[in-house]
Amino acid sequence: MKKRTFLLVAACIALPGLLSAQQTGLKDAVSGHFLIGAAINQRQSDGKDANATKVLKRHFNTIVAENCMKSGLLQPRENKFDFRAADRFVDYAEKNGQVPIGHCLIWHSQAPRWFFTDDEGKRVSREVMIERMRKHISTVVGRYKGRIKGWDVVNEAIEDDGSFRRSPFYEIVGEDFIEIAFKAAHEADPDVELYYNDFSMSKPGKRAAVCRLVKRLKDAGCRIDGVGMQSHNGLDYPDLSDYEASIDSFAACGVKVMITELDVNVLPNPRGFGGAAVEQNFEYQKKYNPYTAGLPEDMAEKLRERYKALFDIYRRHSGQISRITLWGISDANSWLNNWPVPGRTNYPLLFDRKYNEKPVVDDIINMYK
14 MKKRTFLLVA
24 ACIALPGLLS
34 AQQTGLKDAV
44 SGHFLIGAAI
54 NQRQSDGKDA
64 NATKVLKRHF
74 NTIVAENCMK
84 SGLLQPRENK
94 FDFRAADRFV
104 DYAEKNGQVP
114 IGHCLIWHSQ
124 APRWFFTDDE
134 GKRVSREVMI
144 ERMRKHISTV
154 VGRYKGRIKG
164 WDVVNEAIED
174 DGSFRRSPFY
184 EIVGEDFIEI
194 AFKAAHEADP
204 DVELYYNDFS
214 MSKPGKRAAV
224 CRLVKRLKDA
234 GCRIDGVGMQ
244 SHNGLDYPDL
254 SDYEASIDSF
264 AACGVKVMIT
274 ELDVNVLPNP
284 RGFGGAAVEQ
294 NFEYQKKYNP
304 YTAGLPEDMA
314 EKLRERYKAL
324 FDIYRRHSGQ
334 ISRITLWGIS
344 DANSWLNNWP
354 VPGRTNYPLL
364 FDRKYNEKPV
374 VDDIINMYK
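Heads up: the sequence shown runs through residues 14 to 382, numbered per the working numbering.
Right, here's the structure in full:
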């Protein structure tokens with residue numbers, strides 16, 4: 014009996030990293046700093062992925078629906094709402110002790126086709142567009158009143174240079190479609206937090222434009238609680254000093270900062286690629302998919318160091334950051350396997366294709382402990 018005890022103690026001394034990983038999850042390590050979570054797909058929120066549930070319970074305390082709460086899936090036909098998948102997502106969050114975040118109410122991509130046109134296929138009037146926006150928002154937000162912590166109200170409305178994206182919402186309604194959306198969401202649930210969410214947020218032009226937007230919304234009497242910095246990063250982008258400057262700038266606007274769609278692309282990008290606009294699509298070429306048999310050791314180490322640098326920034330800015338959300342759980346489920354080049358094998362997350370934690374998970378835990 015004494016011999017077995019000695020061996021156990023010796024193993025614990027020899028493997029302190031293993032012991033900490035066994036005892037402490039990411040959510041435990043960052044507790045008191047911010048929430049940490051992941052976007053989950055419909056199969057996962059339907060409870061059909063036991064490995065995902067196991068990782069979520071241990072490491073994360075908040076989740077976002079990857080797709081099932083977007084307008085095209087919730088209201089595929091006018092006045093015909095389908096809440097089945099979204100209801101299961103919220104139920105899953107409550108069952109597993111996760112804080113659910115709603116994503117997203119108004120976004121030009123993945124909107125239903127009918128949203129912007131009349132029966133003849135022509136663009137609807139400003140009045141009709143506003144009414145459709147308000148009805149969609151009030152119906153969706155009202156259904157989950159008191160069950161959702163916060164909503165990405167408007168997603169990706171500003172270009173990288175700071176100009177407004179010429180989306181159908183902008184072209185039909187004008188730039189005040191954002192104000193209209195935020196007011197409609199607040200009316201539907203006065204207690205829910207409301208966010209603006211966008212990519213390339215480290216770029217100076219977009220940073221300044223988002224700050225102007227936050228000020229404008231506040232001046233108009235809108236509730237806006239946070240700015241989501243989509244962080245679809247790479248091994249060498251964005252510039253981390255610009256990234257930190259944006260965290261400081263958004264926090265100075267008097268809102269919470271959230272890292273909302275975090276992943277790190279390790280693959281070479283096609284010429285002309287940039288940002289995270291989903292409409293980008295490049296032809297498959299083998300040179301853009303070099304690691305089909307696994308990530309080489311040197312590249313895995315670069316990924317590890319990049320995540321350590323990012324989480325060091327989050328630690329130093331923890332007074333300004335309220336939530337970090339990885340865009341997926343496992344490399345096997347990442348959208349970066351199919352975007353912007355379909356059919357690639359990417360390795361952008363903290364857990365590998367078998368849901369095993371990568372070494373950087375323990376690095377992050379020890380950093381915050």
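Don't be surprised by glycine CBs; every beta carbon is placed ideally from N, CA and C.
A direct Cα-Cα distance of roughly 12 Å separates D255 from F263. Of N350, S335, E370, the smallest CA-CA separation from H46 is found for S335. Taken in chain order, the complete alpha helix (DSSP H) segments of 4 residues or longer contained in the stretch 271-349 are 310-329. Scanning its chain for C-beta atoms nearer than 6 Å, with the 5 sequence neighbours on each side dropped, one finds around A106 the residues I76, P113, in chain order. In the DSSP assignment, H149 forms no beta bridge with any residue. E310 has its alpha-carbon roughly 46 Å from the corresponding atom of V154.
A residue is called buried when at least 16 other Cβ atoms come within 10 angstroms of its Cβ; D131 does not meet this threshold and is exposed. The stretch 181-213 contains, as complete beta strand (DSSP E) runs of 3+ residues, the segments 206-211 (chain order).
By the criterion of a C-beta distance shorter than 8 Å, I260 is surrounded in its chain by M242, V270, I326, H330, Q333, I334, once the five residues flanking it on both sides are discounted. The beta-bridge partner set that DSSP reports for L48 consists of R336. Sixteen is the threshold: when 16 or more other Cβ atoms of the shown chains lie within 10 Å of the Cβ of D211, as they do, the residue is buried.
By the Cβ neighbour-count rule, L248 is exposed, with fewer than 16 other Cβ atoms within 10 Å of its own. With distances taken between CA atoms, E274 lies nearest to G50 out of S44, T37, G50, Q36. Classified as buried, G341 has 16 or more neighbouring CB atoms from the shown chains inside 10 Å of its CB.
In the structure shown, T358 adopts coil according to DSSP, grouped into three states. Going by DSSP, D376 is part of the alpha helix (DSSP H) stretching over 372-381. Just so you know, the alpha carbons of I150 and K300 end up roughly 43 Å apart. Taking 9 Å as the cut-off, the beta carbon of A99 is found closer than this to the beta carbon of L86. No alpha helix (DSSP H) of 4 residues or more sits fully in the stretch 155-183.
At a Cβ-Cβ threshold of 9 Å, T358 and Y320 do not count as neighbours. Membership of V77 in any alpha helix (DSSP H) is not indicated; the residue belongs instead to the beta strand (DSSP E) covering 75-78. Closest in C-alpha terms to F182, from the list S215, E140, P361, I161, comes E140. For E206 against G163, the beta-carbon gap comes to about 3 Å, under 8 Å, which counts as contact.
Beta-bridge analysis with DSSP links K93 to R90.
Here H116 is near A52, since their CB atoms are less than 9 Å apart. Taking M146 as the centre and dropping the five residues before and after it, the same chain places the C-beta of I119, F182, V186, F190, I193, A194, A197 closer than 8 Å to its C-beta, in chain order. The three-state secondary structure of M82, taken from DSSP, is coil.
For K158, the closest of D59, P203, E144 by C-alpha to C-alpha distance is P203. Take the alpha-carbon of D365 and the one of V373: they are about 11 Å apart. G218: member of the alpha helix (DSSP H) spanning 217-232, first to last residue. Per DSSP, the unbroken alpha helix (DSSP H) holding N64 starts and ends at 63-72. I337 and D41 have their C-alpha atoms spaced approximately 14 Å apart.
Nearest Cα to K148 within the set K135, S84, N109: S84. If you draw a straight line from the Cα of K382 to the Cα of E296, it comes to about 44 Å. Contact annotation: G287 and S213 have beta-carbon atoms nearer than 9 Å.
The three-state reading of DSSP puts V112 in strand, counting E and B together.
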